[in-house]
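Undergrad: Structure incoming, see below.
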Amino acid sequence: MFLVYGGEEELVVRGYTDASFQTDKDDSRSQSGYVFWLNGGAVSWKSSKQETLADSTTEVEYIAAFNAAKESVWIKKFVTELAVVPSITDPVDLYCDNNGAIA
39 MFLVYGGEEE
49 LVVRGYTDAS
59 FQTDKDDSRS
69 QSGYVFWLNG
79 GAVSWKSSKQ
89 ETLADSTTEV
99 EYIAAFNAAK
109 ESVWIKKFVT
119 ELAVVPSITD
129 PVDLYCDNNG
139 AIA
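Per this note's numbering, the very first residue in the sequence shown carries number 39; after that it's consecutive.
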């Protein structure tokens, strides 16, 4: 048994991030998360409280995007080092829903 992500298609990784500002009123920490898709199948995801105390929604979203960007580098290296499928040559698309963090 094995998983097939898109068959013979070129490998495409997409990441999505989201964060919520100060979701825990007791310690003022924010929640953030990400999910990465490889040819339509989820391959990596995480949701957790942020370690850093942020002062704004934009800062919280920026921290979430930064953590997701680190994960995207790991995913690209991991797939390349497997050497069982073609390498991922294109940059990883990372989507964020906050205009201030994107700008």
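The beta-carbon is built from N, C-alpha and C at its ideal position, and this holds for glycine as well.
#1: In angstroms, rounded to a whole number, what distance separates the CA positions of SER66 and ILE140?
#2: Decide if LEU120 is buried, meaning its Cβ has at least 16 other Cβ atoms within 10 Å, or exposed.
#3: Just curious, the alpha helix (DSSP H) that VAL98 is in, first and last residue?
#4: Compare the C-alpha of ALA107 against each of VAL73, GLN60, ASP62, VAL50 and name the closest.
#5: Taking only the alpha-carbon atoms, compute the straight-line gap between THR118 and VAL51 and give it to the nearest angstrom.
#6: Are ASP71 and LYS87 close, meaning C-beta to C-beta below 8 Å?
#7: ASP128 to LEU49, Cα distance in whole Å?
TA: Reading off the structure:
#1: For this step, residue 66 is matched to residue 28 along the sequence shown. For this step, residue 140 is matched to residue 102 along the sequence shown. If you take the alpha carbons of SER66 and ILE140, they lie about 24 Å apart.
#2: Numbered from its first residue, the sequence shown carries residue 120 at position 82. The residue in question, LEU120, is exposed, as its Cβ has fewer than 16 Cβ neighbours within 10 Å.
#3: Along the sequence shown, one-based indexing puts residue 98 at 60. Where VAL98 is concerned, the enclosing alpha helix (DSSP H) stretches over 95 to 120.
#4: Sequence index remark: in the sequence shown, residue 107 carries index 69 (1-based). That would be VAL73, whose Cα lies nearest to the Cα of ALA107.
#5: Here residue 118 is taken as the residue at index 80 of the sequence shown, counted from 1. Here residue 51 is taken as the residue at index 13 of the sequence shown, counted from 1. Answer to the nearest angstrom: the Cα atoms are 13 Å apart.
#6: Taking the first residue of the sequence shown as position 1, residue 71 is located at position 33. Taking the first residue of the sequence shown as position 1, residue 87 is located at position 49. Position check: residue 71 holds Gly in this sequence, whereas Asp was assumed. Taking 8 Å as the Cβ cut-off, GLY71 and LYS87 do not qualify as a contacting pair.
#7: Position 90 of the sequence shown, counting from 1, holds the residue named residue 128. Position 11 of the sequence shown, counting from 1, holds the residue named residue 49. Answer to the nearest angstrom: the Cα atoms are 9 Å apart.
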